[in-house]
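Note that the sequence shown covers residues 1 to 378 in the UniProt record's numbering.
In this text, a Cβ means the ideal position worked out from N, Cα and C, and glycines have one as well.
Given the structure is predicted, the values throughout are model-derived calculations rather than measurements.
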Amino acid sequence: MVGNGNSNGNLPNDIMISILKRLPVKSLFRFKCVSKDWFNLFNSPYFISHHLQYSTLFLLFQRIPLPNLNQSQSPSSSSCLIGQDFKVHNPQLIDFALTDKIIGSCNGLLCVKHTNNHMLSIWNPATREIRQVLEILHDIKSFSYFGFGFSPIVNDYKVVRISVPDEDRILDLDDIRVSRAEVFSLTSGSWREIDATILQTLNLMFNSVTANGVMFWQAFGIDPDAEFVVSFDIGREMFTLLEGPPPPPSTSLTHSHTNVLAVHNNKLAMFHYFINGSSESSSIELWVLEAERWVKQYSVGPFSRILYPLSIWRDEIVCREELHGRVDEYSKVETVLSLFNPYSNELKKLPAQRDEYYYVSFNYAESIVPVANFHHEQ
1 MVGNGNSNGN
11 LPNDIMISIL
21 KRLPVKSLFR
31 FKCVSKDWFN
41 LFNSPYFISH
51 HLQYSTLFLL
61 FQRIPLPNLN
71 QSQSPSSSSC
81 LIGQDFKVHN
91 PQLIDFALTD
101 KIIGSCNGLL
111 CVKHTNNHML
121 SIWNPATREI
131 RQVLEILHDI
141 KSFSYFGFGF
151 SPIVNDYKVV
161 RISVPDEDRI
171 LDLDDIRVSR
181 AEVFSLTSGS
191 WREIDATILQ
201 TLNLMFNSVT
211 ANGVMFWQAF
221 GIDPDAEFVV
231 SFDIGREMFT
241 LLEGPPPPPS
251 TSLTHSHTNV
261 LAVHNNKLAM
271 FHYFINGSSE
281 SSSIELWVLE
291 AERWVKQYSV
301 GPFSRILYPL
311 SIWRDEIVCR
321 EELHGRVDEY
331 SKVETVLSLF
341 NPYSNELKKL
351 PAQRDEYYYV
361 SFNYAESIVP
371 VANFHHEQ
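In structure tokens form, the structure reads like this:
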């Protein structure tokens, strides 16, 4: 805390703290040198946790080059940060190589996988703090699936790596089998192997989401029509399997559907999106896991365009649309990003650069959460 009584003879401490915890990170950093009491306050678990509750939520996009296409221009940044004012904010603040991949965003921390070495970075862009984590290297080359999240039960951030031998992945994509799983704790600063027996007969999808202290991945069984969700309880360090929402009815050859994991009000959610190839139209359903039961929240569309749902931001669907064309002898695909409000049916174009890159999206909140060993006060 900030000492006893009034800090300046006029303003009680509780009122002063109530004001300070609503300030942006940049302002707090300027005020750190005001006094030793303020410096200690801003580094206390109590203040860090309460400041996070008032943090502004941004929408973070990462650009990923599309394969087999001629990238006619290089982007000015590998990422795009959009605020609630619908403007692009500090794109240079969150930047890294185009070949790197954001694994997850949690409480102002980003976990980034560097493809040019065996390193991960835990990074707080707002404070400019970064912590590098060396992956465990094994004798056999492997391909890895990652997850990143926080458990309020154990007050710890953790990275999960699920490994598959490269030989299996190259020889038979339909027979990818998990070989091992490991977890890294930011509090302990070390990796350890965990039981992944339950995953042995599953094929995992790439991207994970985290909700309420649990990581999730999509997965398929030996039967490709059998879809599952793999969950990992960050506090208990245990994997479990969940069945997905009811499959949609069979469609004709001109129709297709795909599932995408999302988070809705800190609960696991899944988009079903449907594409009609003959009419170039699409529609979207959202299912949410409520008390171990999938409940359909809404169904929207059909749209007179093909919209791909990416995530949910402030109760709106973050969508990607691809515009196809040709430049000279090359195919050209431009990505347009938008927000769709499922309650007002309003579609708004986002102020992101239209370019030839694939995008993934994350919710990002500025915070003063440290990347070193720490403890969160609840």
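Between the CA atoms of residue j and residue i - distance to the nearest angstrom
i: L81; j: L310; result: 15 Å
i: L110; j: R293; result: 31 Å
i: L337; j: H118; result: 32 Å
i: S53; j: G244; result: The residue asked about is misnamed: residue 53 is Gln in this sequence, not Ser. Going from the Cα of Q53 to the Cα of G244 covers about 31 Å.
i: E193; j: R161; result: 9 Å
i: R305; j: S281; result: 5 Å
i: I19; j: S27; result: 12 Å
i: P370; j: I102; result: 18 Å
i: L289; j: K267; result: 7 Å
i: N124; j: I130; result: 6 Å
i: N13; j: K32; result: 16 Å
i: N341; j: K36; result: 46 Å
i: H257; j: S151; result: 33 Å
i: F29; j: A126; result: 10 Å
i: G149; j: V300; result: 30 Å
i: P25; j: P247; result: In the sequence as presented, Pro is not what sits at residue 25; that position holds Val. Approximately 45 Å between the Cα atoms of the pair.
i: D100; j: T115; result: 6 Å
i: A181; j: L11; result: 52 Å
i: N203; j: F220; result: 5 Å
i: N259; j: V230; result: 14 Å
i: Y157; j: F146; result: 13 Å
i: V327; j: T335; result: With a pLDDT of only 45 at V327, under 50, the local geometry of the prediction cannot be trusted, and the value read off the model is given with reservation. Near 15 Å, if we compare the C-alpha coordinates of T335 and V327.
i: V164; j: L339; result: 35 Å
i: E321; j: I15; result: 47 Å
i: Q132; j: P302; result: 45 Å
i: H264; j: L23; result: 27 Å
i: P120; j: V295; result: What sits at residue 120 in the sequence shown is Leu, not Pro. Their Cα atoms are separated by approximately 36 Å.
i: F271; j: W38; result: 45 Å
i: W287; j: M205; result: 18 Å
Neighbour-count burial assignment, residue i, 16 or more Cβ in a 10 Å radius
i: K113; result: buried
i: A372; result: exposed
i: E316; result: buried
i: E135; result: buried
i: Y343; result: exposed
i: A97; result: exposed
i: S361; result: buried
i: Y298; result: exposed
i: Q84; result: exposed
i: Y330; result: Because Y330 sits at a pLDDT of 49, beneath the cut-off of 50, its placement in the model cannot be relied upon, and the following sentence gives the value as read from the coordinates. It counts as exposed.
i: S79; result: buried
i: G277; result: exposed
i: S279; result: exposed
i: E285; result: buried
i: Y364; result: buried
i: F216; result: buried
i: A291; result: exposed
i: P62; result: Pro is not the amino acid found at residue 62; the sequence shown has Gln there. Burial call: buried.
i: V214; result: buried
i: I275; result: buried
Residue(s) in a DSSP beta bridge with residue i
i: S281; result: N276
i: Y308; result: R320
i: Q62; result: S79, V360
i: P249; result: According to DSSP, which records beta bridges pairwise, P249 is partnered with nothing at all.
i: E290; result: R293
i: A181; result: I162, I194
i: L102; result: In the sequence under discussion, the amino acid at residue 102 is Ile, which differs from the Leu named in the question. DSSP output for I102 lists V112 as bridge partner(s).
i: G147; result: V160
i: D233; result: V214, M238
i: H264; result: K267
i: K349; result: S338
i: R131; result: I122
Neighbour flag for residue i against chain D, beta carbons, 8 Å
i: F340; result: Here chain D cannot be found, since the structure has a single protein chain.
ask   = Would you call the segment 197-211 and the segment 228-242 in contact, with 3 or more CB pairs under 8 Å?
value = Between the segment 197-211 and the segment 228-242, the count of C-beta pairs closer than 8 Å reaches three or more; the two stretches touch.
ask   = With contact counted as at least three CB pairs below 8 Å, one residue from each stretch, are the segment 338-354 and the segment 44-51 in contact?
value = Under the Cβ criterion (8 Å, minimum of three pairs), the segment 338-354 does not count as touching the segment 44-51.
inquiry  = Quick check: the segment 179-188 against the segment 202-210, are at least 3 beta-carbon pairs closer than 8 Å?
reply    = Note that the segment 202-210 does not touch the segment 179-188; fewer than 3 beta-carbon pairs, one per stretch, sit closer than 8 Å.
ask   = At which residue ranges does the UniProt domain "F-box" (5-57) contain complete beta strand (DSSP E) runs of 3 or more residues, listed in the order of the chain?
value = Every candidate beta strand (DSSP E) stretch fails here, since none sits fully inside the UniProt domain "F-box" (5-57) while reaching 3 residues.
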